[in-house]
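Undergrad: Pasting a structure here, questions to come.
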Amino acid sequence: MSGLVTLGEAMAVLTSPIVGPLRHAPNLTLGVAGAEATVAIGVARLGGQATWIGRVGDDEFGRLIRMTLAGQQLPAEHVLTDEHAPTALMVKERRTGTRTRVSYYRTGSAGSRLRPADVDETAVRRAGALHLTGITPALSESARDAAFAAAETARAAGVTISLDLNYRRALWTPDEATAALHPLASAATVVFATEDEARLLVDGSDPAQLAHALAALGPREVVIKLGGDGAVALTDGEIITVPPRPTTVVDPVGAGDSFAAAYLAARLRGDPVRQQLDDAAAAGALTVAVRGDWEGLPDRSELAAGASDVTR
Numbered sequence: 001m002s003g004l005v006t007l008g009e010a011m012a013v014l015t016s017p018i019v020g021p022l023r024h025a026p027n028l029t030l031g032v033a034g035a036e037a038t039v040a041i042g043v044a045r046l047g048g049q050a051t052w053i054g055r056v057g058d059d060e061f062g063r064l065i066r067m068t069l070a071g072q073q074l075p076a077e078h079v080l081t082d083e084h085a086p087t088a089l090m091v092k093e094r095r096t097g098t099r100t101r102v103s104y105y106r107t108g109s110a111g112s113r114l115r116p117a118d119v120d121e122t123a124v125r126r127a128g129a130l131h132l133t134g135i136t137p138a139l140s141e142s143a144r145d146a147a148f149a150a151a152e153t154a155r156a157a158g159v160t161i162s163l164d165l166n167y168r169r170a171l172w173t174p175d176e177a178t179a180a181l182h183p184l185a186s187a188a189t190v191v192f193a194t195e196d197e198a199r200l201l202v203d204g205s206d207p208a209q210l211a212h213a214l215a216a217l218g219p220r221e222v223v224i225k226l227g228g229d230g231a232v233a234l235t236d237g238e239i240i241t242v243p244p245r246p247t248t249v250v251d252p253v254g255a256g257d258s259f260a261a262a263y264l265a266a267r268l269r270g271d272p273v274r275q276q277l278d279d280a281a282a283a284g285a286l287t288v289a290v291r292g293d294w295e296g297l298p299d300r301s302e303l304a305a306g307a308s309d310v311t312r
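The sequence shown runs contiguously to residue 312 in the UniProt record's numbering.
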């Protein structure tokens, strides 16, 4: 099985343990977050090989990220230390019992200083898939160039390109996102998007129409993620409906990345597309039942066990 290569920004994350405004929290928990790193960890947990390329600061947050990624069996040589910029920070608060609010502190961060020279072209050429998101090109011009350079290298080598549109309104405007993501979506093999994200690039009144419209840009596979309503996928011209998995939502952040990780891990194994989608739905359901972006990512035995409340 060829592995996954991805690039982006990993951050330290501070999370409030209580429901309510952050200012009333008596303490905060410290962890690691980042869409691309979460996908890499997810693929590794499911038995695949994964490489994350990115920059962290020469600080305790950066050391935490290094330690976390190493503990999840990701190679250390592509985790670059930037001595001139800090590691980015994300803060999560549970504003209500059903609403999570996220704040970013990533302007001028080490991760935003990612550049094309940081991308190992040999690793990309040898990969089974390159995974990109709409977050990395939103960070800075150099990070955008790095994402485009990786995509060009992968495309020239015939490597599968996966793109999760992952729009973050805190990072750029819809018009800026559309201009950057349109060419990436056209170059991609697989595209993941929510309905709102898909409408940044195409028109459509329902998930199936959006999937067909995105596929018309170039990708062979399109997955429209519908959160608690499951997903709709278009592959080989066929629409496949993915039913939701019953779960108790504890922390919704990271569900989409878990979905993408399981889908790509199964795809890299050569599993049928319905298995890819089944694994993806199960992984997303398991992930949101646990606090943290990546902590609830399943391994293969947990996917096989399903949703049983008791295992013996």
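Here a beta-carbon is modelled for each residue, glycine too, at the ideal position from N, C-alpha and C. Bear in mind the structure is a predicted one, so any value in this text is a computation, not a measurement.
Quick check on R101: buried or exposed, where buried means 16 or more other Cβ atoms within 10 Å of its Cβ?
TA: Classification of R101: exposed, given that the 10 Å Cβ count is below 16.
Undergrad: Where do the ends of the beta strand (DSSP E) carrying V191 lie?
TA: Start and end: V190 to T194.
Undergrad: Could you tell me which residues DSSP pairs with E93 in its beta bridges?
TA: Paired residue(s): R101.
Undergrad: Might you give, ordered along the chain, the residues of its own chain that have their beta carbon closer than 7 Å to the beta carbon of T96, omitting 5 neighbours on each side?
TA: Closer than 7 Å at Cβ, skipping near neighbours: V19.
Undergrad: Quick one: is H84 buried, meaning 16 or more other Cβ sit within 10 Å of its Cβ, or exposed?
TA: Exposed, because fewer than 16 other Cβ atoms sit within 10 Å of the Cβ of H84.
Undergrad: Return yes when the Cβ of G284 is within less than 8 Å of the Cβ of F259, no when it is not.
TA: In contact: F259 and G284 (Cβ atoms closer than 8 Å).
Undergrad: Going straight from the alpha carbon of V290 to that of D164, what length do you get?
TA: Looking at the two C-alpha atoms, the distance is approximately 22 Å.
Undergrad: Can you tell me where the beta strand (DSSP E) holding H182 begins and where it ends?
TA: It is not in any beta strand (DSSP E) - H182 instead sits in the alpha helix (DSSP H) that spans P174 to A187.
Undergrad: Mind checking which residues open and close the alpha helix (DSSP H) that includes I65?
TA: E60 to G71 is the extent of the alpha helix (DSSP H) around I65.
Undergrad: Below 7 Å CB to CB, which residues in the same chain sit around V310 once its five sequence neighbours on both sides are set aside?
TA: In this prediction, V310 has a pLDDT of 37, which is less than 50 and means its spatial position is unreliable; what the coordinates show is noted afterwards. Hits under 7 Å: none found.
Undergrad: By the three-class DSSP mapping on this structure, what secondary structure does V310 have?
TA: The predicted model places V310 with a pLDDT of 37, which falls under 50 and marks its position as unreliable, so this point remains unresolved.
Undergrad: Give me whichever residues DSSP pairs with S162 in a beta bridge.
TA: BP columns for S162 point to H131 and V190.
Undergrad: Using 8 Å as the threshold, is the region 230 to 246 in touch with the region 132 to 142, meaning 3 or more CB pairs across them?
TA: At 8 Å Cβ cutoff, the stretches do not touch.
Undergrad: Taking only the alpha-carbon atoms, compute the straight-line gap between A122 and A157 and give it to the nearest angstrom.
TA: Before going further, note that residue 122 is Thr rather than Ala in the sequence given. Approximately 10 Å between the Cα atoms of the pair.
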